[in-house]
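Residue numbers (this note's numbering), protein chains in the order written: chain D, 600 to 934; chain H, 600 to 934; chain G, 600 to 934. Backbone N, C-alpha and C define an ideal beta-carbon position, used for all residues, glycine too. Computed from a predicted model, the values in this text were never measured in an experiment.
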Amino acid sequence: MKRFCDLADFSREEVVDLLQLAQRLVQHPEPQALAGKVLGLLFFNNSLRTLASMQAGMSKLGGSSFVITPGNGTYRMETRLGVAMDGDAAEHIREGLPVMSSFCDVMGIRAFADGRNLDADINETAFNAMAELVADKPLINLESAMSHPCQALADWKTMDDIGVPRTGRFVLSWVWHPRALPLAVPSTALHMAAQRGMDVVVLRPEGFALPAPLMDKARRAAAASGGRVSETSDRREALQGAQVIYAKEWGATAAYGDAQADAALRASLSHWCVRNDWFDHTDPACRLMHCLPVRRNTAIADEVLDGPRSVVLREAHNRLIVQMAVLHRMLKEAR
Amino acid sequence: MKRFCDLADFSREEVVDLLQLAQRLVQHPEPQALAGKVLGLLFFNNSLRTLASMQAGMSKLGGSSFVITPGNGTYRMETRLGVAMDGDAAEHIREGLPVMSSFCDVMGIRAFADGRNLDADINETAFNAMAELVADKPLINLESAMSHPCQALADWKTMDDIGVPRTGRFVLSWVWHPRALPLAVPSTALHMAAQRGMDVVVLRPEGFALPAPLMDKARRAAAASGGRVSETSDRREALQGAQVIYAKEWGATAAYGDAQADAALRASLSHWCVRNDWFDHTDPACRLMHCLPVRRNTAIADEVLDGPRSVVLREAHNRLIVQMAVLHRMLKEAR
Amino acid sequence: MKRFCDLADFSREEVVDLLQLAQRLVQHPEPQALAGKVLGLLFFNNSLRTLASMQAGMSKLGGSSFVITPGNGTYRMETRLGVAMDGDAAEHIREGLPVMSSFCDVMGIRAFADGRNLDADINETAFNAMAELVADKPLINLESAMSHPCQALADWKTMDDIGVPRTGRFVLSWVWHPRALPLAVPSTALHMAAQRGMDVVVLRPEGFALPAPLMDKARRAAAASGGRVSETSDRREALQGAQVIYAKEWGATAAYGDAQADAALRASLSHWCVRNDWFDHTDPACRLMHCLPVRRNTAIADEVLDGPRSVVLREAHNRLIVQMAVLHRMLKEAR
C-alpha cells in the first residue's frame, strides 16, 4: 500500500482486511516491526488526536517521527503554481514536500480545505498536488479538503466493536457550530457508512445539503455494498430507528466560501445540538459518534457526551489502532 | 505508583526510596527498561527544563514521548464545566485528556495556577479535575497551581548531593520579579524542606506571606520529620546561619489576582535581589538554589549565579535524574 | 570531534574523510550506533530541512532528539551579558544552554545573525558565547551568523555526487529577495568551494560585496587547496564556463543593519533572478545549486528549478546523509 488518501480507494474487502490487521496487532503487538523507520508529519492545521496518535503508533511499532508545522517554527509555504513569491511564504511546497519525503520512509499530511472554491475542494486539487510531490514515498492523508480516511477507518472499527449491524441505520446529522467547518469528515463518514452497507440518512437543515458529487459517490458505494443513501431535513423522520447518530458540524454548501451568508444561514439553527431527546425514537441501543474535537453544549450537550450512548472516546482510541495497521501495511507487509 | 502529583503525598521514607532508585539508575543505567512505552506530555504553559528532561529521560530508558500544546498547533481547550463552547476553545478537557491518555502509557501535565481565586488554586481544583480524566493511566504533575513535585524531588537530591545537613537552615526567600508569579514552587519547596526535616524560614516582604493553609501543611510535615517552619520579613534574622538560600519570585498573596495592587506592593521591592552580601551572616558553606528560569540582576545578581555558591545547574540536571526514577517506578517497578 | 561549527576548522583531508564516512553509512547502515544517545536541538529561528533531518538522522542511527524553540512553548532567552532582565526574556542563555546540554549527549544550535553589527557577526560573538556554555558536550552549528557547516558539507558531497570537477568554476551569485538575508550561507559556500580547490567567482551587484575578512579567509583556503577566488558584478564574465551556479540571497553589506538603505539598494535589482538564459555561456553541464528555502520566480525561476540543471533536492537530501556522519563521528567514533 503506497497511498492511504481516501477510504473510497479501497474495496470493502480491503477495508475489512485492514481492520483484521489492526486487531491482530492489538492481540499480538509487534514492537520492533518498524525499527529504523521514520514518519514525517506535515501539519498545515491544528491537531490533537492525529498529532499524538501518529507519533504514538509509530513508537509502538518501533519507529519514530518528526513534525513540521509551516508558519510555526518552519517557514510558511506557498502552494500556488507559477507565482512570484514576494509575500509571506518563504518556501514552496514543490521544494518543501520532496525534501521532507527524502528524509523519511512514510509521510502524513494534514491540509484542510481552502474553503473558497467548492469544485477545487471536491476535486482535492490542493492535496493531489501535494501527493504528486511525494510520489516516491508512502503517503497518509491526515485530513484533506474532502477526505479523512484514518477517521473513517476508526469509525468503521468502532461500529464493529460495539456491534452496530452492518445494515443498521446510520444518521449523519449536521449540528451547530459558531462558524463554517470543512466537509472532510461528513463526506468521509457518509461514504464509509455507505461502503459498510448501512442505511445512511444525511440529516441537515436547508442550505447545508452535502454537494451532489459527494452524495452520488456515496450512492455508488451503497449500491455496491447493499446499503442505501438518503437525505432529509426532517429530524423525526431521520432518527426513527437509528442505530447511530453521527454528529458533525459543517459549512453552508449553498454559500460555500461566503462567511457572511453562512453566518446568516446558521443564525437560527442553534437548536441543532444533540440532546437526550434526539434518541426518543431511535433504536434503544442507538449510539452517538463524533470525530472530535467537539464543542460541548453547542454541537452536543453534556448530557449526551457524558452519558452511556457516547462512543466518541472509543472512536479516538481506535484512531491509534487503525493507523498502526496502515503504517504496518505500508512499511512492513508491503502489498 | 499511579500518581506523582504532590511530594506531600509520599512519606519521607518513600521519597528517600525514590532518590535511591534515581541513584541506582545513574550507576546502572537501564536503557531498555521502558522499551515500547509512550509518555504523553500536555503543556498549557511554557517550559524548557521539563519539556526537555521528560523527553530525554524517557529516551534514556528506551521509551518515547509526544508533546501537545493547546493553542499552539493544537486546539485551545476549555476547562470549565457546563459552559456552551461558542468561544475560542474548540475542545474540552473532558475529551482532550482521556483521548491523550488512551494513546500513551503515562501522562504528564503542566497547568499553572489560574491566579484569580486563591482558594480554588490552593485546592488544586483545576489540576484535580484533569487528573480525574486520566484515571486509568499513571500521571505526573509537571507543575500545577500549588505543586511542582519533580522540582521538589530534584531539590531534595541536590541538597543530599552537596551535603546540606538534614537539619540545616533552609531559607526560602522571596525575590523581585516584574510581575506576579505563581505559588507552586515556593509552596512545594517549603513543604519539601519541612519534610526533609530542616529548619525552614520563609523570608518575604509584607503582603507576600504564603497562604496559611500552605504554611500549616508545611508545619505538619515538619512536626513529623523533626523540622521547623517559621516566617519573617527580617532578612538579617532569617539568613543568620543559613545553609541554603532558596530564592523564588511569587505574587502578592494579599492581593491575589489583582495585578494593579500586586504591582503597587512590589514597586518598592526591587532591592530583593540576591547579592553576595546576602551571605555575610550565613553559614560559610551556604548555597544558592533556584528552580529556574531566573531573571538575572532582578531576582539574583550575576555575581551570585556565576559564583561558587550557586547550585542551580545541578538542580536542573537532577530534574532529569529524579524524573527517570519516577517514570521507572510507575512503568517498570509498579508499586 | 567535539565541535562542528565551521567547515573552515577542518582540513581538506578531514572533510574528505567525513564524506567517506557518510558514504559508508549509506552503504552499511548502523541503525543502533547511537542507541541511547540524545540530541538536544535549540532553534532560535525557523527551520525545515535542519529540524527534520537532524531528528531523522538521529533516529536512523538509533538515537533520539528533543527540540527547544525559545519564544514558542519555551521562555524567550536573553543573550546579552550583565543586563537587568526586566523585559520579555525570562531566561538567560547562561542558564538555558548548560541546562539543555546537561540533558543530552550532543547539542545543535541555530542562531541567525543579529544583523546589526557586522564586526560582531563576522566574529561570531553571539554563537561563540553560546558554544562556551556547552563546553562539556559535542556541539553542531545549525547556522550561526556566518557559518552553516552542515549545508557546506552537503553541498560538497553534492558536487562530488554529480561529478563537478574539483577545479571547476563555481559561481556564487547574489539573487533577489524582498529583504536582507544573513551572510551565513554565502560566506560558507564561498569558503567550502575554495577549500575544495575550485575556481570561485562571487557575482554580486554593487553594494552587496561580501565583507573583506570573509573574502580573505576564502582566498587563504584557495591558496592551500590550489583554488582561486575572485569577484565581479559582471554576470556575463562570471558565468563564462561555469560548472555550478550557486544562487543565494543576502543583505547589502554596504548598509549592514540598515533596512531602509538595503531596500533602496535592492529596489532596482529584481532582474537578479536565475533564468535559463543565465546558462547560455556556462559549461553545458552547469548545475544550479541553492540551500533552500527559495522563493520561486523572485530568486530563481520555475523554469530553472523544475529543469534538469537544478540539484537543490539532492543538496537537501545530502543534509541528512552528512549530518549522520557528523553525529556518528562525534558520538561513536570519537576522534
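Proximal chain H residues relative to F642/D, where beta-carbon distance stays under 7 Å: Contact annotation for F642/D against chain H: G672 [CB-CB distance below 7 Å, chain order].
Give the straight-line distance between the Cα atoms of G906/H and L887/H, rounded to the nearest whole angstrom. Within the model, the alpha-carbon separation for G906/H versus L887/H is close to 10 Å.
Select from the stretch 679–699 of chain H all residues with a C-beta closer than 9 Å to any C-beta belonging to chain D, and list them in chain order. Within the stretch 679–699 of chain H, the qualifying residues are L680, G681, V682, A683, M684, D685, G686, A688, A689, E690, H691, R693, E694, G695, P697, V698 and M699.
Could you pull the start and end residues of the beta strand (DSSP E) that K736/H belongs to? Run containing K736/H: none; DSSP gives neither H nor E here.
T831/D burial status per 10 Å Cβ neighbour count (16 or more: buried): Around the beta carbon of T831/D, fewer than 16 other beta carbons lie within 10 angstroms, which makes this residue exposed.
Check the Cβ of V637/H against every Cβ in chain D and list those closer than 7 Å, keeping chain order. The contacting residues are A655, S658 and K659.
What in chain D is Cβ-close to C604/H, meaning under 8 Å? The premise fails here: C604/H is roughly 22 Å from chain D at the closest Cβ pair, so nothing lies under 8 Å.
For a quick check, are the C-beta atoms of P764/H and R602/H less than 9 Å apart? Not in contact: P764/H and R602/H (Cβ atoms no closer than 9 Å).
Residue from H927/D, L802/D and F642/D with nearest C-alpha to W775/D: The shortest C-alpha separation from W775/D is found at L802/D.
Rounded to the nearest angstrom, what separates S646/G and M676/G at their Cα positions? The straight-line gap from Cα to Cα measures roughly 18 Å.
What separation, rounded to the nearest whole angstrom, lies between the Cα atoms of G826/H and C885/H? Taking the straight line joining both Cα atoms gives about 18 Å.
Does the distance from the CB of D882/H to the CB of G767/H come in under 9 Å? In this structure, the beta-carbon distance from D882/H to G767/H falls below 9 Å.
Shorter than 9 Å from the beta carbon of D905/H to some beta carbon of chain G? Yes, D905/H counts as interfacial toward chain G.
CB contact check: R593/H to chain G, cutoff 9 Å: Residue numbering for chain H in the displayed model covers 600 to 934; residue 593/H lies beyond these limits and cannot be assessed.
Straight-line Cα distance separating C749/H from Q922/H: So the two alpha carbons sit approximately 6 Å from each other.
Cut-off 7 Å between Cβ atoms - residues of its own chain near R834/G, not counting five sequence neighbours on either side: So the qualifying residues of the chain are L802.
Spatial neighbours of R874/H in its chain, beta-carbon cut-off 6 Å, leaving aside the 5 residues before and after: The residues A900, in chain order, have a CB closer than 6 Å to that of R874/H in the same chain once the five nearest residues on each side in sequence are set aside.
For G695/D, which three-state DSSP category applies? G695/D: helix per DSSP, three-state reduction.
With a threshold of 7 Å on Cβ separation, who are the neighbours of K931/G within its own chain once the five nearest residues in sequence on each side are excluded? Excluding positions up to five away in sequence, the list reads A632 and L633.
Answer with buried or exposed for P669/H, where buried requires no fewer than 16 other C-beta atoms within 10 angstroms of its C-beta. Classification of P669/H: buried, given that the 10 Å Cβ count is 16 or more.
Mind checking which residues open and close the beta strand (DSSP E) that includes S867/D? Looking at the DSSP string, S867/D is not in any beta strand (DSSP E), and its letter there is neither H nor E.
Between A634/G and chain H, is there a C-beta pair that is closer than 9 Å? It does; some Cβ of chain H falls within 9 Å.
Cα-Cα separation between R942/D and S610/D, rounded to whole angstroms: What is shown of chain D runs 600 to 934, which leaves residue 942/D out entirely.
Look up G707/G in the DSSP assignment and give the residues it is bridged to. Beta-bridge annotation (DSSP): G707/G is paired with L640/G and I739/G.
Of the residues that make up the stretch 700–731 of chain H, which ones have a beta carbon closer than 8 Å to any beta carbon in chain D? For chain D, the residues of the stretch 700–731 of chain H that bring a beta carbon within less than 8 Å of one of its beta carbons are S701, F702 and C703, in chain order.
So, are the CB atoms of P781/G and L771/G less than 9 Å apart? Cβ distance not < 9 Å, so P781/G and L771/G don't count as in contact.
Of all the options A683/D, S824/D, A655/D and S867/D, which has the alpha carbon lying nearest to the alpha carbon of R918/D? Considering only A683/D, S824/D, A655/D and S867/D, the residue with the shortest C-alpha distance to R918/D is A655/D.
Starting from the N-terminal side, write out each stretch of the alpha helix (DSSP H) that is 4 residues or longer and does not extend beyond the stretch 894–932 of chain D. Entirely contained in the stretch 894–932 of chain D, the alpha helix (DSSP H) runs reaching 4 residues are, in chain order, 901–904 and 911–930.
Which parts of the stretch 772–836 of chain H are runs of the alpha helix (DSSP H), unbroken and 4 residues or longer, counting only runs that do not cross its ends? The stretch 772–836 of chain H contains these whole alpha helix (DSSP H) runs: 783–795 and 811–824.
For the stretch 612–630 of chain H and the stretch 698–714 of chain H, state whether three or more C-beta atom pairs, one from each stretch, are separated by less than 8 Å. Fewer than three Cβ pairs drawn from the stretch 612–630 of chain H and the stretch 698–714 of chain H lie within less than 8 Å of each other, which leaves the two stretches out of contact.
Opposing strand residues paired with F603/D [DSSP bridges]: As DSSP reads the structure, F603/D sits in a beta bridge with I739/D.
Give me the chain G residues within the contact set of D901/H, using Cβ-Cβ distance strictly less than 7 Å, ordered along the chain. Within chain G, the residues near D901/H are G681.
Contact between the stretch 907–915 of chain D and the stretch 849–867 of chain D (3+ Cβ pairs under 8 Å): Output reads no: the stretch 849–867 of chain D does not touch the stretch 907–915 of chain D.
So the alpha helix (DSSP H) M990/G belongs to, where does it begin and stop? This structure does not reach residue 990/G, given that chain G is present from 600 up to 934, and the question cannot be answered.
Closer than 8 Å at the beta carbon, the chain C residues around I739/H: Any reference to chain C falls outside this structure, whose protein chains are D, H and G.
A935/G, enclosing alpha helix (DSSP H) - first and last residue: Look at the range of chain G in this structure, 600 to 934, and you will see that residue 935/G is not part of it.
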